[in-house]
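**Q**
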Ligand code: CP
Ligand code: NVA
């Protein structure tokens with residue numbers, strides 16, 4: 356029994372096993388209706404709580420569907436509807452939930468909430484996004500890259516835009532999966548230095564290049580995300596748009612990447628802000644495979660957490 360809190364705090368061999376397991380599970384149910392049970396039912400008799408303190412489409416539905424395919428049961432809870440949103444401590448909530456469910460997935464604001472949940476729960480806890488990281492997303496992204504282009508190790512991945520929570524998990528993945536990561540964006544929206552340190556310690560230092568044309572040169576994979584995240588104040592919107600405009604992923608910038616480069620975005624996107632529709636719907640884009648792979652990657656994460 357183990358929690359999945361972040362990519363850099365999970366053993367690299369275990370991460371690899373999860374990606375390969377996800378691929379095998381995806382292949383095994385190819386062509387089946389979405390509601391069909393998997394041939395194996397490793398989650399039979401297991402109950403999972405999915406807690407959301409922020410909105411979600413993909414994380415919510417992919418966890419729910421994936422757990423049901425594996426024979427488990429789910430309950431989707433909004434933090435605001437629980438006593439958690441009305442002053443009950445995270446520690447008490449974690450101890451109570453552990454008496455009812457076998458696994459907790461939480462999407463929250465402060466990383467501290469996730470860490471406290473994991474500390475006090477007697478069952479595994481999965482990080483479904485915090486203000487600082489989004490590890491489930493990047494597991495799906497690595498799976499998606501490899502499904503289209505083979506091993507990601509040694510490839511050039513370019514992140515264009517805000518150095519946010521999704522970038523942070525990419526930085527962790529660079530160290531764990533051994534790819535070269537370049538960040539291109541304005542200095543004011545640089546990633547936290549601590550995220551860069553992890554990759555450097557693992558022998559994959561992250562390059563920061565303010566010039567997007569230079570940064571995109573030779574990229575195997577280009578990634579971006581919304582310019583204003585759920586935890587960012589809406590008042591920052593206009594300033595961020597002005598700072599990030601030069602980093603919009605469009606055909607002009609994509610022309611600097613390798614001809615067979617892939618484009619990813621975790622979604623939801625603000626079309627024609629961080630990326631043009633031309634790129635999102637164009638030949639480089641794998642954004643809907645990426646969204647689908649949340650389902651398969653998370654099934655592997657859940658199995659790893661429960662050891663089933
Ligand atoms: N990418 C992602 O986590 O999407 P949702 O916010 O819809 O869950
Ligand atoms: N960076 C975005 C990701 C959404 C899935 C956010 O935190 O809002």
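Residue numbers (our numbering): 356 to 663.
Here a beta-carbon is modelled for each residue, glycine too, at the ideal position from N, C-alpha and C.
Treat the numbers as computed from the prediction; the structure is a model and nothing was measured.
1. Alpha carbon to alpha carbon, how far is residue 458 from residue 393? Give it in angstroms, no decimals.
2. Going by the C-beta, is residue 622 closer than 6 Å to any heavy atom of the ligand CP?
3. Can residue 581 be considered in contact with the ligand NVA, in the sense that its beta carbon sits closer than 6 Å to one or more heavy atoms?
4. Determine, using beta carbons only, whether residue 389 comes closer than 7 Å to chain C.
5. Return the residue from the list 540, 529, 544 that minimises the CA-CA distance to residue 551.
6. What whole-angstrom Cβ distance do residue 342 and residue 516 have, given they're in contact under 8 Å?
7. What is the rounded straight-line gap between the Cα of residue 433 and the Cα of residue 409?
8. Report the residue from 553, 456, 395 whose alpha carbon sits nearest the alpha carbon of residue 364.
9. Can you give the Cα-Cα distance for residue 455 and residue 402, rounded to whole angstroms?
10. Going by CA-CA distance only, name the one from 471, 391, 626 that's closest to residue 582.
11. Just list the alpha helix (DSSP H) runs in the segment 459-545, keeping only unbroken ones of 4 residues or longer that don't cross its boundaries, in chain order.
12. Looking at the secondary structure, which residues open and close the beta strand (DSSP E) in which residue 618 lies?
13. Verify the contact flag: residue 565, CB atom, against every heavy atom of the ligand CP, threshold strictly below 6 Å.
14. Take residue 460 as the anchor and find which of 444, 478, 443 has the nearest alpha-carbon.
15. Check whether the segment 589-600 touches the segment 608-615, taking contact to mean three or more Cβ pairs, one atom from each stretch, closer than 8 Å.
16. Keeping to the same chain, check which residues put their C-beta closer than 6 Å to that of residue 427; ignore five residues upstream and five downstream.
17. For the segment 529-549 and the segment 565-572, state whether three or more C-beta atom pairs, one from each stretch, are separated by less than 8 Å.
18. Output the distance between the C-alpha atoms of residue 415 and residue 405, rounded to the nearest integer angstrom.
19. May I ask you to report which of helix, strand or coil DSSP gives residue 425?
20. Which residue from 647, 576, 602, 486 puts its Cα closest to that of residue 505?
21. So which of 430, 659, 662, 462 has the shortest CA-CA distance to residue 585?
22. Is it the case that the CB of residue 521 approaches a heavy atom of the ligand NVA more closely than 6 Å?
23. From residue 547 to residue 362, what does the alpha carbon distance come to, in whole angstroms?
**A** Checking against the coordinates, here is how it stands:
1. Each residue's Cα considered, the two are about 19 Å apart.
2. Yes, the beta carbon of residue 622 sits closer than 6 Å to at least one heavy atom of the ligand CP.
3. Taking non-hydrogen atoms of the ligand NVA into account, the C-beta of residue 581 is found less than 6 Å away from one of them.
4. You won't find chain C in this structure, because it holds only one protein chain.
5. Shortest Cα-Cα distance from residue 551 to any of 540, 529, 544 involves 529.
6. Outside the displayed range of the chain (356 to 663) lies residue 342, so it cannot be described from this structure.
7. Their Cα atoms are separated by approximately 8 Å.
8. Nearest option by C-alpha distance: 553.
9. Those two C-alpha atoms are separated by around 8 Å.
10. Closest option to residue 582, Cα to Cα, is 626.
11. The qualifying runs are 466-475, 490-504, 520-532.
12. Unbroken beta strand (DSSP E) run through residue 618: 617-620.
13. Not one heavy atom of the ligand CP lies closer than 6 Å to the C-beta of residue 565.
14. Nearest Cα to residue 460 within the set 444, 478, 443: 478.
15. Too few Cβ pairs lie closer than 8 Å, so no.
16. Taking residue 427 as the centre and dropping the five residues before and after it, the same chain places the C-beta of 398, 401, 403 closer than 6 Å to its C-beta, in chain order.
17. Taking a contact to require three or more Cβ pairs closer than 8 Å, the segment 529-549 and the segment 565-572 qualify as touching.
18. C-alpha separation (whole angstroms): 7 Å.
19. Coil.
20. Residue 505 has its Cα closest to that of 576, out of 647, 576, 602, 486.
21. The closest CA to that of residue 585, considering only 430, 659, 662, 462, is found on 462.
22. The ligand NVA approaches residue 521 closely enough that one of its heavy atoms is under 6 Å from the residue's Cβ.
23. Approximately 16 Å between the Cα atoms of the pair.
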